[in-house]
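Everything on this sheet refers to the single structure shown next.
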Amino acid sequence: MSEINAVLIGNKPVMNYVLACITLFHGGAKEVNVKARGRSISRAVDVVEVVRRRFLPDVKIKSVGIGTQQMAPREEGGPPSNVSTIEISLER
Numbered sequence: 836m837s838e839i840n841a842v843l844i845g846n847k848p849v850m851n852y853v854l855a856c857i858t859l860f861h862g863g864a865k866e867v868n869v870k871a872r873g874r875s876i877s878r879a880v881d882v883v884e885v886v887r888r889r890f891l892p893d894v895k896i897k898s899v900g901i902g903t904q905q906m907a908p909r910e911e912g913g914p915p916s917n918v919s920t921i922e923i924s925l926e927r
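For the sequence shown, the tail end lands on 927 under my numbering, and the numbers increase by one without skipping.
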């Protein structure tokens with residue numbers, strides 16, 4: 836399986852993303868990446884913890900990557916804004 840299985844975290848409830856992760860693992864994925872930016876980072880951490888502690892205890896955190904993404908300015912002539920990012924790789 837060469838494709839990358841990624842769950843992009845947004846504004847939906849935590850359990851929607853938990854279900855997406857569980858579905859990917861039950862579909863045969865050996866690794867799932869949970870990605871988030873900005874205010875969604877805390878929701879991404881919650882998703883990973885719920886998956887690990889309540890549903891799939893055999894899932895381990897492979898790696899955690901953090902970074903900053905520079906976004907275009909909101910208004911013309913304004914400074915570009917920086918947005919924090921996180922990527923959590925889970926493996927079974």
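Note that the Cβ used here is the ideal one computed from N, Cα and C, for glycine as well.
Beta-carbon contacts of residue i that lie in its chain and below 6 Å, excluding the five residues immediately before and after
i      : result
GLN904 : VAL918 and THR920
ALA864 : ASN840
VAL853 : VAL882, VAL885 and VAL886
Pairwise C-alpha distance: residue j and residue i
i      : j      : result
VAL886 : ILE857 : 7 Å
MET836 : GLY862 : Unreliable positioning characterises MET836 in this predicted model, as indicated by a pLDDT of 41, which lies under 50. A coordinate reading is not provided.
ARG927 : GLU910 : 44 Å
ARG872 : ILE844 : 8 Å
VAL883 : PRO892 : 11 Å
ARG888 : ILE901 : 22 Å
LYS870 : PHE890 : 19 Å
Cut-off 7 Å between Cβ atoms - residues of its own chain near residue i, not counting five sequence neighbours on either side
i      : result
VAL867 : ASN840, VAL842, CYS856, LEU859, PHE860 and LEU925
For residue i, three-class secondary structure by DSSP
i      : result
VAL849 : helix
GLY912 : coil
ILE876 : helix
LEU891 : coil
ILE857 : helix
Neighbourhood of residue i by C-beta distance below 8 Å, restricted to the same chain and skipping five residues each side
i      : result
MET850 : VAL885
PRO908 : PRO914, PRO915 and SER916
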